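First to last, the sequence lines map onto chains U and L. This note's numbering numbers the first residue of the first sequence as 5 and each following residue consecutively. This note's numbering numbers the first residue of the second sequence as 137 and each following residue consecutively. Using N, Cα and C, we set each Cβ at its ideal position, and we do this for glycine too. All of these numbers come straight from a predicted model, not from anything done at the bench. In what follows, a single structure is set out as structure tokens and then discussed.
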Amino acid sequence: MKSRRNANSVVSANDARSLARLYYELAGSIGKYRFDNWHKLSPSERGDLESLEWTLLTFSSDMTSRAIIFDLSEARSALREITAATKRLKQSIARLNDVRDVIRAATKAVTLAAAIFSGNAEAVASAVASATD
Amino acid sequence: MRFAAAGILTLLVATVAACVRPSAVVRYAESASRTTEEFPQLAREIHASCLRVEAYKAQRKSEWYDEVTFRRACATRDTAVFGLIQANDVIAAYLKALASIAGNSGASLEPQTGRFVKLLAGKAGFNEPQADAAERLAEFVASKSVEGFKRRELSRVIAAHNADVQTVVSTLLRIVTQDFPSAFNVESTAQDNFYRTSLAEFGEREPLAAILVREQRDRRAMELMNKRRAITSYAAALRRIQSGHQKLYDERNHLDAPALAVELIRAAKELDSITRELDRAFR
Numbered sequence: 005m006k007s008r009r010n011a012n013s014v015v016s017a018n019d020a021r022s023l024a025r026l027y028y029e030l031a032g033s034i035g036k037y038r039f040d041n042w043h044k045l046s047p048s049e050r051g052d053l054e055s056l057e058w059t060l061l062t063f064s065s066d067m068t069s070r071a072i073i074f075d076l077s078e079a080r081s082a083l084r085e086i087t088a089a090t091k092r093l094k095q096s097i098a099r100l101n102d103v104r105d106v107i108r109a110a111t112k113a114v115t116l117a118a119a120i121f122s123g124n125a126e127a128v129a130s131a132v133a134s135a136t137d
Numbered sequence: 137m138r139f140a141a142a143g144i145l146t147l148l149v150a151t152v153a154a155c156v157r158p159s160a161v162v163r164y165a166e167s168a169s170r171t172t173e174e175f176p177q178l179a180r181e182i183h184a185s186c187l188r189v190e191a192y193k194a195q196r197k198s199e200w201y202d203e204v205t206f207r208r209a210c211a212t213r214d215t216a217v218f219g220l221i222q223a224n225d226v227i228a229a230y231l232k233a234l235a236s237i238a239g240n241s242g243a244s245l246e247p248q249t250g251r252f253v254k255l256l257a258g259k260a261g262f263n264e265p266q267a268d269a270a271e272r273l274a275e276f277v278a279s280k281s282v283e284g285f286k287r288r289e290l291s292r293v294i295a296a297h298n299a300d301v302q303t304v305v306s307t308l309l310r311i312v313t314q315d316f317p318s319a320f321n322v323e324s325t326a327q328d329n330f331y332r333t334s335l336a337e338f339g340e341r342e343p344l345a346a347i348l349v350r351e352q353r354d355r356r357a358m359e360l361m362n363k364r365r366a367i368t369s370y371a372a373a374l375r376r377i378q379s380g381h382q383k384l385y386d387e388r389n390h391l392d393a394p395a396l397a398v399e400l401i402r403a404a405k406e407l408d409s410i411t412r413e414l415d416r417a418f419r
């Protein structure tokens, strides 16, 4: 049995749309945190946050393209977990005060998105587990 | 005498109306076809939006960048847009065929290969049944028999293709109303990130330059807003095409009904107005 899945078998078009929306909102949350705390953050912390924002925004954009490209009827049950984990990360970013915690949460979101794009079910499961820690 | 004149007048009006009615189908189908021809500009904007996001990102990273890098990053979007344009072209060509048949004018259409359309529609988010619908419409438009169709066969053509028209237009509508706005949302956030961060970093040190940067940001935000409006307009056009064809299907055995003619002319006027809006948006 192949452990590596084709990327388009992980999510359907509608799944991709939901994830694109979530990642778009995640990028927005980090941007809000960065601007709300602009004067409290060091240039390096701002740079780290901005870089994570761009990465999350790129994932959102790629998910949108994927939604246009793929429309598979087979939706995977992993999606529920991916969505729940991403929503949890978004909520925690909105609540966190310490920039290191925000960077850690955003990095988990990036890892999760990368796993989704890799199409590797094991990587997705591992990233979901890490995101829910 | 007065009654006789009134009778003649009524007869004359009825005759004129009867002549107008088939042309209402022509008018509707021609207007709808013209509006769908505006789609490629809108669809290409979705690819261009991806390129602009990549440019904002690269500029913030202060790395050297070139067009090839952006094109590579947006290749998936480019493929999707190409497929969408092909699927939309099938609807445009079908509507043109409908106008030719209704007008007894003989079709002069660019043939589209069904299999090619199916393949590309598949690359544009159409699932198997949706791509099959696009393929069937493309095959109909490409078939030589379109040239031979006469007005009396109009209702048969409408009946045979209504389901496929509804499927293809619904699929396009879903993509235009869901995925296109998402793409512009991403661009809007990228734009805000780029300008707000740059102004936060350098605005105080260079206040005059900051004014110019703000003006540029406002201009770009306005351009993006106009493109969002164009999406809304095109979605309205697709809905009008969908409901208009459904109405033709429902009334296929009474295509000369005055009420249908009134409705089709109204739809045609709305579609003409949308075409003008889209023209302005991309001028």
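- L/S185 places its beta carbon less than 8 Å from that of L/A319.
- Cα atoms of U/L26 and U/S130: separation of roughly 19 Å, rounded to the nearest angstrom.
- With the criterion set as a beta carbon lying under 8 Å from some beta carbon of chain U, the members of the region 311-328 of chain L are I311, Q314, D315, S318, A319, N321, V322, T325, A326, D328, in sequence order.
- Under a criterion of Cβ atoms nearer than 8 Å, the residues of chain U adjacent to L/A336 are, in order, F39, W42.
- From the beta-carbon of U/S134, no residue of chain L is found nearer than 7 Å; the closest lies around 25 Å away.
- Between U/L23 and the set U/W42, U/L61, U/E54, the nearest pair of CA atoms involves U/L61.
- For L/S324, the closest C-alpha among the options L/F218, L/V162, L/V161, L/Y192 is that of L/Y192.
- Contact annotation for U/E126 against chain L: no contact, minimum CB-CB distance about 24 Å [criterion: below 7 Å].
- Residue environment: L/K363 is assigned as buried (16 or more neighbouring CB atoms within 10 Å of its CB, all protein chains considered).
- Among the residues facing chain L, U/A110 is not included, as its CB has no counterpart in that chain under 8 Å away.
- Under the three-state reduction of DSSP output, L/N263 falls in the coil class, being neither helix nor strand.
- Chain-ordered, the chain L residues with CB closer than 7 Å to the CB of U/A24 read S318.
- In terms of Cβ geometry, L/T303 and L/A269 form a close pair [threshold 8 Å].
- Taking C-beta atoms under 8 Å as the contact rule, L/R355 and L/Y331 fail to qualify, at a distance of about 11 Å.
- Under the 8 Å criterion on CB atoms, L/G380 is classed as non-interfacial with respect to chain U.
- Residue environment analysis places L/W200 among the exposed positions, since fewer than 16 neighbouring C-beta atoms fall within 10 angstroms of its C-beta.
- Neighbourhood of U/A17 in chain L, by CB distance below 7 Å: G261, in chain order.
- Taking a Cβ-Cβ threshold of 7 Å, none of the residues of chain U is close to L/T368; the smallest such distance is about 18 Å.
- With distances taken between CA atoms, L/A179 lies nearest to L/D315 out of L/A403, L/D315, L/E166.
- Looking at L/A238, L/A326, L/E342, the one whose alpha-carbon comes closest to that of L/R292 is L/A238.
- Separation of the CB atoms of L/C210 and L/L187 is rounded to 5 Å, and the pair is thereby assigned contact status at 8 Å.
- In this structure, the alpha-carbon of U/T59 lies about 43 Å from that of L/L231.
- Proximity of chain L to U/A31 at the Cβ level (cut-off 7 Å) is accounted for by T325, in chain order.
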